[in-house]
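Keeping their order, the protein sequence lines are chains R and Y. Throughout the first sequence, residue numbering follows our numbering, covering 87 to 226 in sequence. Throughout the second sequence, residue numbering follows our numbering, covering 5 to 142 in sequence.
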Amino acid sequence: MRLTNRRHGSKIDLQMTSMIDCVFLLLIFFMVTSNFNRTERELDTGLATETRTVKAAGDLAPIIVEVIRGDGGFVFKVGGRQIASREELTVVLRKIENKLDGAFVRATDEAPFLLASGAIQACKDAGFLKTTYAPRLDTK
Amino acid sequence: MRLAKRHGTKLEINMTPMIDVTFLLLIFFMTVNQVSKANRERMPLPPLAGSHDQEDAELIINIDRENNIIVSPQFISLSELASLLAEKIAGANNDPSRLTVLVRVHREADCRMVNQVVNLLDDKFKINRINLGVEVPR
Numbered sequence: 087m088r089l090t091n092r093r094h095g096s097k098i099d100l101q102m103t104s105m106i107d108c109v110f111l112l113l114i115f116f117m118v119t120s121n122f123n124r125t126e127r128e129l130d131t132g133l134a135t136e137t138r139t140v141k142a143a144g145d146l147a148p149i150i151v152e153v154i155r156g157d158g159g160f161v162f163k164v165g166g167r168q169i170a171s172r173e174e175l176t177v178v179l180r181k182i183e184n185k186l187d188g189a190f191v192r193a194t195d196e197a198p199f200l201l202a203s204g205a206i207q208a209c210k211d212a213g214f215l216k217t218t219y220a221p222r223l224d225t226k
Numbered sequence: 005m006r007l008a009k010r011h012g013t014k015l016e017i018n019m020t021p022m023i024d025v026t027f028l029l030l031i032f033f034m035t036v037n038q039v040s041k042a043n044r045e046r047m048p049l050p051p052l053a054g055s056h057d058q059e060d061a062e063l064i065i066n067i068d069r070e071n072n073i074i075v076s077p078q079f080i081s082l083s084e085l086a087s088l089l090a091e092k093i094a095g096a097n098n099d100p101s102r103l104t105v106l107v108r109v110h111r112e113a114d115c116r117m118v119n120q121v122v123n124l125l126d127d128k129f130k131i132n133r134i135n136l137g138v139e140v141p142r
């Protein structure tokens with residue numbers, strides 16, 4: 087006896103519950119991972135106070151990069167020369183032959199941290215083995 | 005009497021619950037991993053390439069645009085930071101060189117608080133090496 091005709095008019099049933107499950111899980115997954123988009127790195131630097139910087143400067147004559155207020159805002163200063171951009175500073179620092187003695191970066195209280203950290207990065211990019219950050223004494 | 009035929013039976017693995025569980029575990033571990041990064045205040049850092057990838061730091065000092073010090077994740081004063089540093093150094097067998105300090109500064113901040121923190125670290129606690137947090141430019 088044939089009770090039902092299963093071949094004719096059969097429907098494809100989509101399992102919506104499991105699909106919604108997976109879709110929501112994927113949504114949450116991408117929402118969580120999107121927090122990782124900003125890649126953070128680190129810039130290692132030595133620290134020194136003004137007295138140690140002056141002493142070191144007398145002993146080894148290292149390069150001192152200062153962040154000072156220029157005519158049109160804050161600029162970098164290396165050996166009496168004022169430099170406006172980090173890229174230019176890197177080029178100038180690359181030309182210095184003695185990189186073993188390291189470099190000092192000094193910034194006043196009013197100087198933007200962006201420039202101070204940019205100066206440290208420029209010293210690293212130029213190949214200085216040791217970069218030290220030292221606050222300026224005249225700002226205390 | 006033979007009731008049922010055993011020929012032609014298929015072993016079916018239901019993939020849907022397996023994917024469900026796998027994703028749940030994945031999200032769980034990713035969320036737990038993020039809790040360990042809660043000490044890192046969400047703020048824009050200087051857009052620089054840096055010198056190395058992130059390391060685990062014993063102390064993360066955040067300095068926001070208004071020169072406030074934020075440590076896990078509470079606003080603290082410079083004197084409170086000094087007490088915290090003393091505690092951490094005592095925990096590192098009184099050896100400041102064993103303490104890894106990460107300083108994260110808002111990209112629009114000035115150097116005022118950074119300079120005070122540096123003076124505190126170097127002068128009082130003889131910590132003469134720190135890591136500065138930077139953000140890889142897009």
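Just so it is clear, CB atoms sit at the ideal spot from N, CA and C, and this is done for glycine as well. All of these numbers come straight from a predicted model, not from anything done at the bench.
In the DSSP assignment, E91/Y falls outside any beta strand (DSSP E) and within the unbroken alpha helix (DSSP H) covering 82-95. The CB of V191/R never comes closer than 9 Å to any CB in chain Y; the least such distance is about 10 Å. Interface flag for G156/R against chain Y is unset, since no Cβ pair is found closer than 9 Å. Here D107/R carries a helix assignment [DSSP, helix/strand/coil]. About 6 Å separates the CB atoms of N132/Y and D126/Y; that is less than 8 Å, so the two are in contact. For V151/R, the uninterrupted beta strand (DSSP E) run begins and ends at 149-156, by DSSP. Annotated as proximal: L179/R and F214/R, with beta-carbon spacing under 9 Å. At a cut-off of 9 Å between C-beta atoms, L28/Y counts as an interface residue with respect to chain R.
Taking one beta carbon from each stretch, the stretch 152-163 of chain R and the stretch 18-33 of chain Y have fewer than 3 pairs nearer than 8 Å; the two do not touch. Straight through space, the alpha carbons of L30/Y and I17/Y are spaced by roughly 21 Å. Cβ contact annotation for L186/R (same chain, cutoff 8 Å, sequence separation greater than five): L215, in chain order.
Listed by position along chain Y, the residues whose Cβ is nearer than 9 Å to that of F115/R are F27, L30, I31, M34. The Cβ-Cβ distance between E128/R and E59/Y falls below 9 Å. Within the stretch 145-224 of chain R, complete beta strand (DSSP E) segments of at least 3 residues are found at 149-156, 159-164, 167-169, 189-193, 217-221, given in chain order. Judged by beta-carbon spacing, K128/Y lies beyond the 9 Å limit of L103/Y, meaning their Cβ atoms are not closer than that value.
For L63/Y, the three-state secondary structure derived from DSSP is strand. Residue burial is scored here from C-beta neighbours: K130/Y has fewer than 16 other C-beta atoms within 10 angstroms and is therefore classed as exposed. Fewer than three pairs of CB atoms, one per stretch, sit closer than 8 Å, so the stretch 47-59 of chain Y makes no contact with the stretch 92-103 of chain Y.
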